[in-house]
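In this note's numbering, the protein residues as written are 7 to 393.
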């Protein structure tokens, strides 16, 4: 029998203010207005003023807090205001991020915010041919969004020079270390000018991340919102206690009975994600899997199909899901309970955004109950034991 516990977790609401009150310039305000952005999120309220004041930032922010806009908007503004006073050629802003999906996501956001500011930008990442990327670099860019491997490749080939960098953003620092990029980061840091503004963002702050931040930040302003133990109040959480071998049947039954418009399913492994996708497709449920073994084109196609509702279910590993931003995502399903409690909060934070309601479902097998208890301890939510 499948048993369900409903939980609602409340958080405090921040005082509302506008982007105009943050002294954002008119060209950017116009672009934000077209995107329907009216009220900045808490991290944007905290981060934008010190970024505009050229201060270093140590930011703790999880997925869905509006972090990208918190650094992109003020950096675009600084470049716009500096254009008339500085004709120096070269890349002025470097944004380093761990995954292709997140790099593309950030680039799309910059494209939206800089629409009327005349700021040139480019995104580079591996897994695809470099010709289109090097062509864009030759034309000259102000902002470069990059993953570490491709960036180092193009530096070695002479396509990228970092001597003009005035602002450096290290995004998703914890995921950088999880993915083994620490050596790439240590290679890149000496290539950057000593005099620069550095913005350092991480969802969590373990000791190795704290140590890294101290080596690259100068008297930073610390901004922190939505601690990793908090879940927005618009998310309804449910846990299903189920035998491991019954998870696939449970998933199919729920999807067929409830017909969610969109469901993001988290698998612990790449093999598991593929297996779930095959099972769902066999059951007549449109779905696709994304993970590190998929080609860039396959991953982008799956994400495009999901966002356009050509398929309703996307199965992802945690690393592949970084950077996925889907408006009004209806369900998040923890097919496998995550090993790290904070990951649970990051996962389900993709639904229930911007005041919309969301549903977070977790399938908990007997050997995952300890992991569930760790999540309870972090969030302060107690899941009653049921037989």
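Ideal placement from N, C-alpha and C gives every residue a C-beta, glycine not left out.
Give me the DSSP bridge partner(s) of residue i.
i           : result
residue 152 : 102 and 130
residue 270 : 320 and 338
residue 176 : 102 and 206
residue 366 : 243 and 338
Tell me the DSSP secondary structure of residue i in three-state form.
i           : result
residue 243 : strand
residue 162 : helix
residue 185 : coil
residue 197 : helix
residue 310 : helix
residue 13  : With a pLDDT of 35 at residue 13, under the threshold of 50, the predicted position of this residue should be treated as unreliable, though the coordinate-derived value follows. If DSSP states are grouped into helix, strand and coil, residue 13 belongs with the strands.
residue 97  : coil
residue 26  : helix
residue 18  : Low confidence applies here, because residue 18 scores a pLDDT of 34, under 50, leaving its location unreliable; read the following figure in that light. Looking at residue 18 - three-state DSSP - the assignment turns out to be coil, as it is neither helix nor strand.
residue 293 : strand
residue 265 : coil
residue 301 : coil
residue 31  : coil
residue 167 : coil
residue 332 : coil
residue 248 : coil
residue 60  : coil
residue 347 : helix
residue 125 : coil
residue 315 : coil
residue 371 : coil
residue 53  : helix
residue 37  : helix
residue 120 : coil
Beta-carbon within less than 7 Å of residue i's beta-carbon, same chain only, minus the 5 sequence neighbours each way: which residues are those?
i           : result
residue 231 : 48, 49, 52, 67 and 71
residue 317 : 292, 293, 294 and 311
residue 349 : 324
residue 79  : 30, 34, 54 and 119
residue 223 : 62, 64, 204 and 206
residue 276 : 297, 298, 299 and 323
residue 202 : 171, 172, 173 and 174
What residues in its chain sit with their C-beta under 6 Å from that of residue i, if we drop five residues either side in the sequence?
i           : result
residue 406 : The shown model of the chain, from 7 to 393, leaves out residue 406, and the question about it has no answer.
residue 369 : 246, 248, 253 and 341
residue 184 : none
residue 76  : 49, 50 and 53
residue 19  : Unreliable placement is indicated for residue 19, whose pLDDT of 36 sits below 50; the coordinate value is still reported in the next sentence. Closer than 6 Å at Cβ, skipping near neighbours: no residue.
residue 377 : 343
With residue i as the anchor, note down where its beta strand (DSSP E) starts and where it stops.
i           : result
residue 228 : 227-230
residue 338 : 337-340
residue 278 : Here residue 278 belongs to no beta strand (DSSP E); instead the alpha helix (DSSP H) covers 276-288.
residue 63  : 63-66
residue 376 : That residue, residue 376, is in no beta strand (DSSP E); its alpha helix (DSSP H) goes 375-385.
In its own chain, which residues sit with a C-beta less than 8 Å from the C-beta of residue i, not counting the 5 before and 5 after it?
i           : result
residue 10  : Only weak support is given to the placement of residue 10: the predicted model assigns it a pLDDT of 38, under 50, and the question is left unresolved by the model.
residue 97  : 147, 148, 149, 150, 166, 167, 168, 170 and 171
residue 322 : 270, 271, 272, 273, 279, 295, 296, 297 and 330
residue 133 : 106, 301 and 302
residue 256 : 8, 246, 248 and 369
How should residue i be labelled, buried or exposed, when 16 other C-beta atoms within 10 angstroms of its C-beta is the threshold for buried?
i           : result
residue 427 : The structure shown has nothing for residue 427, since the chain only spans 7 to 393.
residue 111 : buried
residue 46  : buried
residue 62  : buried
residue 352 : buried
residue 23  : exposed
residue 334 : exposed
residue 107 : buried
residue 127 : buried
residue 3   : Residue 3 is absent from the structure shown; the chain starts at 7 and stops at 393.
residue 300 : buried
residue 137 : exposed
residue 278 : buried
residue 220 : exposed
residue 208 : buried
residue 105 : buried
residue 263 : exposed
residue 290 : exposed
residue 7   : The pLDDT assigned to residue 7 is 37, lower than 50, so where the model puts this residue is not dependable, and the model offers no usable value.
residue 153 : buried
residue 305 : buried
Determine the extent of the alpha helix (DSSP H) in which residue i is found, giving its start and end residues.
i           : result
residue 78  : 73-88
residue 43  : Per DSSP, residue 43 belongs to no alpha helix (DSSP H) and is neither H nor E.
residue 357 : Element bounds for residue 357: n/a, residue is neither H nor E.
residue 216 : 213-222
residue 139 : 137-145
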